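Report on the structure given below.
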Amino acid sequence: MKDLAKITLNLAFVFIFSGAVLALVYAGTEPRIETIKKVEKQKALKSLVPEASFINSAGSYEPLEGKTAHYYVAKGKDGKPIGYIATSYSKGYSSIIKMMVAADTNMRLKGIKILDESETPGLGDDVKQKYFQDRFKGKTLDQLVVVTNPDPTKIQAITGATISSKAATRGVRAGLKMLIKTYMPGNGAVSGTGTTAGGKK
Numbered sequence: 252m253k254d255l256a257k258i259t260l261n262l263a264f265v266f267i268f269s270g271a272v273l274a275l276v277y278a279g280t281e282p283r284i285e286t287i288k289k290v291e292k293q294k295a296l297k298s299l300v301p302e303a304s305f306i307n308s309a310g311s312y313e314p315l316e317g318k319t320a321h322y323y324v325a326k327g328k329d330g331k332p333i334g335y336i337a338t339s340y341s342k343g344y345s346s347i348i349k350m351m352v353a354a355d356t357n358m359r360l361k362g363i364k365i366l367d368e369s370e371t372p373g374l375g376d377d378v379k380q381k382y383f384q385d386r387f388k389g390k391t392l393d394q395l396v397v398v399t400n401p402d403p404t405k406i407q408a409i410t411g412a413t414i415s416s417k418a419a420t421r422g423v424r425a426g427l428k429m430l431i432k433t434y435m436p437g438n439g440a441v442s443g444t445g446t447t448a449g450g451k452k
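In my numbering, the protein residues as written are 252 to 452.
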């Protein structure tokens with residue numbers, strides 16, 4: 252019985268000690284992880300509007316149920332807006348696709364950036380490839396339609412991954428619609444899919 256009690260105490264000590272070590276490691280690395288995330292986020296924002304001198308947070312909205320996304324105003328040296336950026340989400344074939352959407356002041360897409368996805372390797376995960384993301388550059392909201400045949404005025408689907416292509420495009424549409432609704436409220440052609448918060452800045 253004494254040996255059993257001793258073993259139990261030793262195991263309890265090991266569990267408590269291990270838990271304490273893990274807590275200390277987490278506490279020590281969490282700030283660094285958050286810092287890295289912020290740096291990566293700023294890099295992603297800057298890559299979409301490289302000519303911007305300032306990129307300011309402007310508000311949040313919900314492009315997908317349960318997913319809060321944010322939007323930003325990109326400004327030049329004179330402090331005037333030169334573009335807008337929104338993060339967005341969409342449900343893909345096997346994952347939630349997260350992206351950034353950038354538009355100029357006329358709400359024509361400057362570009363997109365896929366931030367996170369877990370689509371089918373070699374097929375749907377090609378949404379993060381440059382060749383697919385480049386298909387969005389210069390497009391307007393009306394041109395965000397997925398087609399299977401080459402069409403420079405639309406978004407050509409990735410071969411064998413139409414669902415993922417449509418999902419990514421749907422997320423881009425949600426982001427662009429929100430930007431138009433927020434910064435060009437007089438555009439009657441836009442019907443928003445989410446509720447903006449934070450107001451226009």
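Where a beta carbon is used, it is the ideal one built from N, C-alpha and C, also for glycine. Please read all numbers here as calculations on a predicted model, not as lab measurements.
Under 8 Å by Cβ, that's how I've got Gly334 and Ser415 pegged, so tell me the actual separation to the nearest angstrom.
As a first step, residue 334 is located in the sequence shown; it is residue number 83 there, counting from the start. As a first step, residue 415 is located in the sequence shown; it is residue number 164 there, counting from the start. Wrong, their Cβ atoms sit about 27 Å apart, outside the cutoff.
Our contact map puts Gly422 next to Ile348 with C-beta atoms below 8 Å; I'd like the distance itself, whole angstroms only.
Counting from one through the sequence shown, the residue named residue 422 turns up at place 171. Counting from one through the sequence shown, the residue named residue 348 turns up at place 97. The pair is a contact, with the Cβ atoms about 6 Å apart (cut-off 8 Å).
Applying the criterion that 16 or more other CB atoms from any shown protein chain within 10 Å of the CB defines a buried residue, is Gly317 buried or exposed?
In the sequence shown, residue 317 corresponds to position 66, counting from 1. Exposed, by the Cβ-count rule.
What distance in whole Å lies between the Cβ atoms of Met350 and Ala412, which are believed to be in contact at a cut-off of 8 Å?
Residue numbering aside, residue 412 sits at position 161 when the sequence shown is read from its first letter. Residue numbering aside, residue 350 sits at position 99 when the sequence shown is read from its first letter. Incorrect: roughly 16 Å between the Cβ atoms, too far for contact.
Which residue marks the beginning of the alpha helix (DSSP H) containing Gly426, and which one marks its end?
Translated into positions along the sequence shown, residue 426 becomes position 175. Note, Gly426: alpha helix (DSSP H), 413 to 434.
Can you give me the C-alpha to C-alpha distance between Lys417 and Gln380, rounded to a whole angstrom?
Walking along the sequence shown from the start, residue 417 turns up at place 166. Walking along the sequence shown from the start, residue 380 turns up at place 129. Rounded to whole angstroms, Lys417 to Gln380 spans 15 Å at the Cα level.
Drop a sphere of 10 angstroms on the beta-carbon of Thr433, count the other beta-carbons inside from all chains shown, and report buried for 16 or more, exposed for fewer.
The residue you call residue 433 lines up with position 182 of the sequence shown. The residue in question, Thr433, is buried, as its Cβ has 16 or more Cβ neighbours within 10 Å.
Quick one: what's Ser304 bridged to in DSSP?
Here residue 304 is taken as the residue at index 53 of the sequence shown, counted from 1. Answer is none; Ser304 lacks a bridge partner.
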